[in-house]
Structure formats: C-alpha cells, structure tokens
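The next block holds one structure in the form of structure tokens; read it before the comments.
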Amino acid sequence: MAFNGIAEAWGSVKETGTNLLEGAVSTAKAVADRAYVAGEELASHARTHLIDRQIPEELLAQWEEESIVRNYAPPAEFLGSSRGSLMRSADGKRTYVDGNGAYSANNNDNRNERATGSFHAGSVDSSVLSRARRSPELALLGREVQRIFGAQKMILPMNTGCEAIEGGALIGKLVFNKSEDFREKREKLEEEGIAPKLVVCNGNFHGRSEWAKAASDEEAYTKPFEPLAGEKNIKQIPFNDLDALEKTLKEGDVYAFAVEPIQGEGGIIVPDPAYLQGVRRLCDQYNVLMICDEVQTGLGRTGKRLAQDHSGVEADITSIGKAISSGVVPASFFMLDQKYGKLVKPGEHGSTFGGYPAACRTMRASLREMEDRDSCKLAEENGAWFMRQLKQLCDGCPGIKEVRGIGMMIGIELEDEGVATVCDRLRQSPFVYKGQKIEGFWTNAAHDKTIRISPPVTTDRGLLEAVLYSFAQALNHKNPEIYRAVKLEAAPGVLDVVDDVRDKLGYFMKRARRFASDYREARQLATEYENAA
Ligand code: PLP
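So the number in this note's numbering is just where the residue sits in the sequence shown, counting from 1, plus 74.
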C-alpha cells in the first residue's frame, strides 16, 4: 500500500514536472521567436536610418519618376512618419497637420497604437493562412461585428474598398439570383429576356476596378479605359433625387441600388436628411436591394458608426473599408443579413488575403478603438464646431461658394477652379501650436472645386482652433491675424500634461474594464463547454 502511495505521488510529481518543463520550453520558444522578429525589426530600422535616409531626396524623386507609374501627382515633400494628427517630413524638419486622414482611413489617428500593436502581434503569429484554412481570428472578428452591428449580420472580408463595394454589388446579384424574395421578379425578367440592372448615382466613386469605372461618369476615370465592359447593366441616375430613383425602379428590371450616403470623391455632397429614408422606402416598395458604400463615410467619420445611422435605416448590403483597419493594413468587408449571406456557397467569391489573421486582429482592435475613443462623439462635436468656425471664417474670404459637411467630413467649395493652388497654400500656411511650428494643413481637393477636410476624427479641439490661422491665410481672409490662436502657441505647461495624463488614464481604465469582462466571458464559455462535454 505504502509502496503504491509513493509510486502515485512520484507519478504526479513527474507529471507536474513534465508539464512545467513543457510549458517553460514552449514559452522559451515563443520568446525566442519574438526576439528573432524584434531583431529583424531593429535591422529594418537600422537600414532606414543608416542607409535609406542618406539617399538625397532629388535622387529618390528621380527613381520614383522612373520606376513608379505616375498615377498620382503629390507635392515634392517626402514624408517619413506620422502620428496622431501630424505628419513629419522624411528629414524630420517639417511637421504638417494631416487634413486628409488618408481619405478617411486614419479616422482614429495616424499610426493608431492599438491597431498597430494588434497587427504586429498578429503578424508575429502567422502570415496569411488563406481562407481555405481556419483561424480563430476570423471567427472573433465576425463575432465583434455582430456585437456592434447586430447578431444577424455576416461579413465577407476583402482587402480594398473597391473590392468591398464591387463584391457587395456582385453578391447582390447572387442574392437576386438565388433568394426566394426575388423569385417572381427574376422569373418575369427571365421570361422577357431582360438582364437585371444595377442603379448607381451620377458623381459616385466606388474605386478603380473596371466595374467601378463602368459605374462612374467621371471622364478622368473612364475615358482612357473605353470601351468598358458591363455599362449596359449599370444605370446612372442623379444623386439625391428620389423622383429619378422611383421612375427607374418602376421599370421593374433593377436588382439593386448602390449609393454613398455622402458622396466623398464627388465633392463632399451631403443629400437631404430624408434621402436615405426615401431610398429605403422605394427599395422596399419595388423589391430592390439597397447597397450602401460606406467605405469613406463609415466608422465614425460622420459622427455615427455608419452614415446611414443618421437616417435610422439599414441597407441590405453595406461595404466598409479604410478605417476598419485604422489605415494599418488594407482590409475591408461587406456586411449583410444571414438570410442573404447564407446563400453564398464555397468557391463563389473570395480572396487570398481577405480576412487574414493579422488583418482580422487589426479590424477587431479598430472597431473597439472607435468605441473606446468615443470617435463618433468626437467627430460629431468637434466636426460641428469646426464647420461653424470655417463657415464664419469663409464669410470673410473671397471666392467661397459653400462650406458643407457632416461630422468630420467637411468640404469648402470654391466658386472657381484653382482648388489645387489653394490646397498648396493651405499646406504652406504656418502656425505655432504648443510650442511647435507646424507648416500648414495638408489636404487635397475633392473633385474639381472642393477642399476636402477630413483630418483624423480624434484631432484635438485645440489643434483645430490653431489651424484656422492656416485657413485664414490660404483663403485670403481680409484679416487673418484674428484667427491666430496666440494662447495655444506656448509650449504645454504642467496643467496641460496633467490633463493629458488624466485623459489617457480614463481611456486605459475603459480598456482594462473591457479586458476583464472579456476574460470573464471567455472563462465562462470555456467552463460551460467543458461541463457539457
Ligand atoms: N468607395 C468609396 C466611397 C471610396 O471613397 C473609395 C475610395 O476612396 C472606394 C470605394 C475605393 O476604396 P479603395 O481605394 O480602398 O479601393
């Protein structure tokens, strides 16, 4: 008996020891693995700073001209880094306010720490696994989307905004072809030999694929590529015109209507407040799918999670891109209800990188960041404040047609062209903020005549106030000096630092609470499943 007892005790000591040893070995392997990647990261930094940054910018410009297709025409300045609302020149000497937010990808700051950290962690664990393999990250992202947008939602992840909206429209066609909801309409069109059509709006921008070009009426995007395939099944109608929509839907051959809730590239065109509600009503009345392209308007930019939330309507298919991964990695998806999502079968649509684990982690972090940073509230409050200030400022400037927008998606339309020159001036109209010289507000035109104003929605109210001086200079205000925020020019004092620390603490407390409750939930789920097994 005694011998048995000793043998048992020895067995359990051995087992515990083996477990500990195995745990220690796998932890050591993981540490070594990460240390290796960290070493590579250091080597990459060393290359950047010791070698690449030594190359004269004139030479880089020449290399770029010769080796990169010139599909953009940026100013000569090379940028080296960006953080928060600021971008720094590659030589580190000049700082600019990011007035464009990478076309609304950087809604929550440039180089958002949380998204960047998640991406780093995800990319250390694995590179792309292909969608023909399972990763926990994909399921966790889907669950997060359901938590935020509704338990009945499904997503199909892609990479770019264009893929998300083109994919959304494609799946709309699949839904039309498969769903019982459209059987009668589909059979009638088949009998009559009529192809179902997609309706889009004049002035739209859905990206750069041949589908998106075929849907566009912008000569610069389409003319060089003619003839474009597919136009005959895409019909254009005026934006913000419910009569035109009804007239077209009445024809009975439309399967979907794709619309941006606010036209971004079209010139920050905000429709009437009741427009999307009217669209939803007409789509329901004529049994047509409503597709919203929220690639630019999504995730806090306009002061709501989605711009369609302002109207209290829900599109059948919504495309989201850009800010979904905080500008850290190209990632996008379209979202639809399960009753339609479940019609898609393996092999019918996909992408190599769509939904790869590191991107899924980054998207999940970005969605949480939108909540924990109160991005919607910031865009709503700071955007409304900034637009009021800009309207007032523009009253004192020549050549302004209109200041319009919603949330932190604002446009200043000029009476004549020359918007590129004004944007150039804006980039070079300096001011001082908290002891730092800032060269100006760096943005681009939205369409022919409109200055695009879409800085990160997290931009400090103080910085927005200080940057008004750039606008006053660039727009030839009759008395720009009244917009100089002298009180904001001094370097931050102790009280500013204390305020900053307090804000940061509040934010981290929120995250710590979320972490704790997620941990409890995960433990509880694991226990429930163990008990059931
Ligand atoms: N849809 C809208 C409304 C956009 O604004 C854009 C890009 O600006 C796109 C689609 C295309 O996105 P991407 O350039 O990521 O393909």
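Every residue gets a Cβ at the ideal spot worked out from N, C-alpha and C, and that includes glycine.
These figures come from a predicted structure and were not determined experimentally.
For proline 404, which residues from the same chain have a beta carbon less than 6 angstroms from its beta carbon, with the 5 sequence-adjacent residues on both sides left out? Asn233 and Thr234
I need the straight-line Cα distance from proline 431 to leucine 350, nearest angstrom please. 35 angstroms
At 4 residues or longer, what runs of the alpha helix (DSSP H) sit wholly inside the stretch 455-506? 493-501
Kindly provide the ranges of any beta strand (DSSP E) runs that are 3 or more residues long and lie completely inside the stretch 120-194, ordered along the chain. 153-157, 160-163 and 169-172
Taking the alpha carbon of glutamate 258 as the point to measure from, which residue in Val273, His551 and Tyr329 has its own alpha carbon closest? Tyr329
Residue ranges of each alpha helix (DSSP H) within the stretch 197-269, 4 or longer: 210-223, 235-252 and 257-266
Less than 7 angstroms between the CB of glycine 567 and some heavy atom of the ligand PLP, yes or no? no
Which whole-angstrom value describes the C-beta separation of cysteine 450 and arginine 526, a residue pair presumed to lie in contact below a C-beta threshold of 8 angstroms? Incorrect: roughly 20 angstroms between the Cβ atoms, too far for contact.
Kindly provide the chain-ordered list of residues whose Cβ lies closer than 6 angstroms to any non-hydrogen atom of the ligand PLP. Tyr177, Thr234, Gly235, Cys236, Ile239, Phe279, His280, Gly281, Glu334, Gly338, Glu339, Asp367, Val369, Gln370 and Gly395
Three or more C-beta pairs below 8 angstroms linking the stretch 348-365 and the stretch 198-209: no
What is the DSSP secondary structure of lysine 511, counted as helix, strand or coil? strand
Cβ neighbours of aspartate 522 in the same chain (closer than 8 angstroms, five flanking residues each side left out): Gly341, Glu491 and Val493
Do proline 530 and aspartate 172 count as a contact pair if the criterion is CB distance below 8 angstroms? yes
Rounding to the nearest angstrom, what Cα-Cα distance links arginine 188 and glycine 175 in this structure? 17 angstroms
Report all residues from its chain with a CB closer than 7 angstroms to the CB of alanine 195; omit the five preceding and five following residues, and keep chain order. Arg435
Could you tell me the alpha carbon to alpha carbon distance between glutamate 293 and alanine 106, rounded to whole angstroms? 55 angstroms
Let me know the secondary structure DSSP gives aspartate 522 once reduced to three states. coil
Indicate the three-state DSSP secondary structure (helix, strand or coil) for aspartate 573 in the structure shown. helix
Have a look at glutamate 96 and methionine 583 and give me their C-alpha separation to the nearest angstrom. 35 angstroms
Would you mind giving the Cβ-Cβ distance between alanine 164 and arginine 127, rounded to the nearest angstrom? I have them listed as a contact below 8 angstroms. 7 angstroms
Going straight from the alpha carbon of serine 399 to that of lysine 287, what length do you get? 25 angstroms
Give a yes or no on whether the C-beta atoms belonging to arginine 585 and asparagine 456 are separated by under 8 angstroms. no
Does DSSP put phenylalanine 427 in a helix, a strand or coil? coil
Just curious, the alpha helix (DSSP H) that leucine 316 is in, first and last residue? 316-324
Which residues mark the beginning and the end of the alpha helix (DSSP H) in which leucine 549 is found? No alpha helix (DSSP H) holds leucine 549; DSSP gives it neither H nor E.
Mind checking whether cysteine 339 and phenylalanine 279 have CB atoms under 8 angstroms apart? It is glutamate, not cysteine, that sits at residue 339 in the sequence shown. Contact: yes.
Since lysine 271 sits in a beta bridge, which residues does DSSP pair it with? Val328
Just reading off the alpha helix (DSSP H) that threonine 376 is part of, what are its end residues? Taken as a continuous stretch (DSSP letters only), threonine 376 belongs to no alpha helix (DSSP H), as it is neither H nor E.
Touch test, the stretch 389-398 against the stretch 473-493, Cβ-Cβ under 8 angstroms, three pairs minimum: no
Distance between glutamine 337 and asparagine 145 (C-alpha atoms, nearest Å): 22 angstroms
DSSP has leucine 363 in a bridge; who is on the other side? Ala330
Is it true that the CB of leucine 441 sits closer than 8 angstroms to the CB of threonine 532? no
What is the rounded straight-line gap between the Cα of alanine 102 and the Cα of asparagine 93? 14 angstroms
Just grab the DSSP bridge partners of aspartate 411 for me. Lys227
Can you tell me where the beta strand (DSSP E) with lysine 309 in it begins and where it stops? 308-311
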